[in-house]
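Reminder that position 229 of the sequence shown reads as 228 in numbering that gives the first Met the number 0, one-by-one numbering, no gaps.
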Amino acid sequence: MSGTDLVLRSGRFLDPATGDVVEGDLLIQDGTIAEVGEVGATSAPSVDLGGATVVPGFIDAHFHAYSTCLGGLELELRPLSYVAVNATRRLAAAVRRGFTTVRDVAGGDPGIASAIDEGLFLAPRYLYTGAALSQTGGHGDPRPGDLDLCFGHGHMNEVVDGVDDLRRAVRDRFRQGAHAIKIMASGGVVSPTDPLRIPQYSAEEIQAVTDEATRRGSYVAAHAYSSEAVVHAVTNGVRSIEHGNLIDEEAARVMAEHGAYLVPTLAPYDSMSRRGAEAGLSPVGQAKNAEVLHAGRGAIELAARAGVPVGFGSDLMGDLEDDQLQGLRLQAEAQTPQELLRSITVVNAALIGRPELGSLSVGTPADMVVLSADPYQDVSVLWDDTRPRTVVRDGVLIG
Numbered sequence: 000m001s002g003t004d005l006v007l008r009s010g011r012f013l014d015p016a017t018g019d020v021v022e023g024d025l026l027i028q029d030g031t032i033a034e035v036g037e038v039g040a041t042s043a044p045s046v047d048l049g050g051a052t053v054v055p056g057f058i059d060a061h062f063h064a065y066s067t068c069l070g071g072l073e074l075e076l077r078p079l080s081y082v083a084v085n086a087t088r089r090l091a092a093a094v095r096r097g098f099t100t101v102r103d104v105a106g107g108d109p110g111i112a113s114a115i116d117e118g119l120f121l122a123p124r125y126l127y128t129g130a131a132l133s134q135t136g137g138h139g140d141p142r143p144g145d146l147d148l149c150f151g152h153g154h155m156n157e158v159v160d161g162v163d164d165l166r167r168a169v170r171d172r173f174r175q176g177a178h179a180i181k182i183m184a185s186g187g188v189v190s191p192t193d194p195l196r197i198p199q200y201s202a203e204e205i206q207a208v209t210d211e212a213t214r215r216g217s218y219v220a221a222h223a224y225s226s227e228a229v230v231h232a233v234t235n236g237v238r239s240i241e242h243g244n245l246i247d248e249e250a251a252r253v254m255a256e257h258g259a260y261l262v263p264t265l266a267p268y269d270s271m272s273r274r275g276a277e278a279g280l281s282p283v284g285q286a287k288n289a290e291v292l293h294a295g296r297g298a299i300e301l302a303a304r305a306g307v308p309v310g311f312g313s314d315l316m317g318d319l320e321d322d323q324l325q326g327l328r329l330q331a332e333a334q335t336p337q338e339l340l341r342s343i344t345v346v347n348a349a350l351i352g353r354p355e356l357g358s359l360s361v362g363t364p365a366d367m368v369v370l371s372a373d374p375y376q377d378v379s380v381l382w383d384d385t386r387p388r389t390v391v392r393d394g395v396l397i398g
């Protein structure tokens, strides 16, 4: 997808990886940052930024390209052709907002990844886990308890029990190009039959998954809300905790001790509290959402005090995906502007093993967002979509 050479002139280039701000120009060659500072005369086309502030492209570490609704069997079993076409719309919208990389932690496959790599449609860099792994009756099992239904595998979740079957499922995901593995390690808001706080999967099952991922040079992300579920996951090898709303100080300490990351996802709870009923959230789901709605900001503060790296994820399902930028507004209530910008760039880049995506240094990919103000002085510019922004993805101006 790399574009031709391009010069961005008269900008303020804010690199959250170093804290440095360079005023001047930036030269892009073949999708890579070639010079930052003073760029001399060149035949490359140029854009005058007029003093605008440039930051690295945002990274969403908890994205759902394949979500067509809030949950249930419809989410899992709609024709894949429809799901894929809808995913192109969701991905294009994300990159236009400034998210130049997304990690899809329940879905994705080699087909859509190849289409992105070939430039068949506008999209961020796309890292996927394939369908998340869930125990029977766990967060990824969409069957209501009062219906006699069969379900094994859908577009976003697969029900897999037992050490041997889990090993086989993990190996098959890596065969299909998965970036990492996602498991469901506690109950969830939209799942119909599982209590929110109780840990899911046995220690032996989680260890089997993390063992396979580690030997592949990868890692495991786990959906987990409560302290007991988080500790259960982390002490059995999980690296990335998704949500974590209900952690306490001890759980945060254990996360730090094991080198785990927290990927908070504040947007969906706010969205579901405002829009959930009209979007189809069940009464059970509404009650669960109320339990975690106001706890997420406190979890971020607990994790940061313990030394846990705090990233960012949106986790928006169905029609709620247009609230993606609102997740930044909500996370700003628990972080300084500097911390928030690092979460969506430096920290998430380290989490996914691509630190170069969180920097504006020479030699790094030319993924960036041009903002109308300095986010350290006016943090709302990160999420205020009424103000102009220009996105550069792999050296290509998106607008």
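Cβ atoms here follow ideal geometry from the backbone N, Cα and C, with glycine treated the same way.
By the Cβ rule, the region 353 to 365 does not count as touching the region 278 to 293, because fewer than three pairs are nearer than 8 Å. For Phe173, the enclosing alpha helix (DSSP H) stretches over residues 162 to 174.
In the DSSP assignment, Tyr268 falls outside any beta strand (DSSP E) and lies within the alpha helix (DSSP H) extending over 266 to 278. Contact between the region 104 to 117 and the region 128 to 142 is present, with at least three C-beta pairs closer than 8 Å. DSSP places Gly236 in no beta strand (DSSP E); its state is neither H nor E. In this structure, the straight-line span from the alpha carbon of Val229 to that of Ile182 is close to 12 Å. Closest in C-alpha terms to Ala331, from the list Met254, Ile343, Leu72, comes Ile343. Around Pro263, the same chain offers Gly295, Ile299 as residues with beta carbons nearer than 6 Å, after the five sequence neighbours per side are excluded.
Pro198 carries a strand assignment under DSSP once its states are collapsed to helix, strand and coil.
Every unbroken stretch of the beta strand (DSSP E) spanning 3 or more residues and falling wholly within the region 53 to 98 is given here in chain order: 57 to 62. Judged by their CB atoms, Thr100 and Val390 are not nearer to each other than the 8 Å cut-off. Across the set Ala276, Ser272, Ala303, Ala302, the C-alpha of Ser272 shows the shortest separation from the C-alpha of Ala289.
The Cβ atoms of Tyr218 and Arg238 lie closer than 8 Å to each other.
For Arg11, the enclosing beta strand (DSSP E) begins and ends at 5 to 14.
In the three-state reduction of the DSSP assignment, Arg215 falls in the coil class. In the DSSP annotation of this structure, the continuous segment of the alpha helix (DSSP H) that includes Ser113 starts and ends at 109 to 116. The beta-carbon separation of Thr52 and Ala348, rounded to 19 Å, does not stay under the 8 Å limit for a contact. When the beta-carbon positions are compared, Val189 and Leu245 stay at least 8 Å from each other.
Of all C-beta pairs linking the region 316 to 323 to the region 57 to 70, three or more are shorter than 8 Å, placing the two stretches in contact.
The C-beta separation of Ala259 from Val307 comes to about 7 Å, placing the pair in contact by the 8 Å criterion. Excluding residues up to 5 positions away in sequence, Pro198 lie with their Cβ nearer than 6 Å to the Cβ of Glu227 in the same chain. Leu26 is the residue among Asp59, Leu26, Leu119, Gly18 whose C-alpha sits nearest the C-alpha of Gly10. Between Ala122 and Ala83, the gap from beta carbon to beta carbon reaches 8 Å or more. Separation of Val378 and Pro336 (C-alpha to C-alpha, rounded to the nearest whole angstrom) is 6 Å. A residue is called buried when at least 16 other Cβ atoms come within 10 angstroms of its Cβ; Asp140 meets this threshold and is buried.
Boundaries of the beta strand (DSSP E) harbouring Gly36: 31 to 36, taken from the DSSP string.
Excluding the 5 residues flanking it on each side, Arg386 has same chain C-beta neighbours closer than 7 Å at Ser371, Val380, in chain order.
Selection Asp29, Asp193, Gly36 evaluated against Ala43 yields Asp29 as nearest (Cα-Cα).
Taken through DSSP and simplified to helix, strand or coil, Thr100 comes out as strand. For Ala131, the enclosing beta strand (DSSP E) starts and ends at 131 to 133. By the beta-carbon neighbour count (other beta carbons within 10 angstroms, threshold 16), Gln376 is exposed.
At a cut-off of 4 residues, the continuous stretches assigned as alpha helix (DSSP H) that sit fully inside the region 276 to 327 are 282 to 291, 295 to 305.
Residue state for Glu332 is assigned as coil, using DSSP reduced to three classes. Around the C-beta of Glu157, 16 or more other C-beta atoms lie within 10 Å, and the residue is accordingly described as buried.
The shortest CA-to-CA distance from Leu13 to any of Pro55, Val38, Asp24, Asp47 is the one to Pro55. Annotated three-state conformation of Asp210 is helix, per DSSP.
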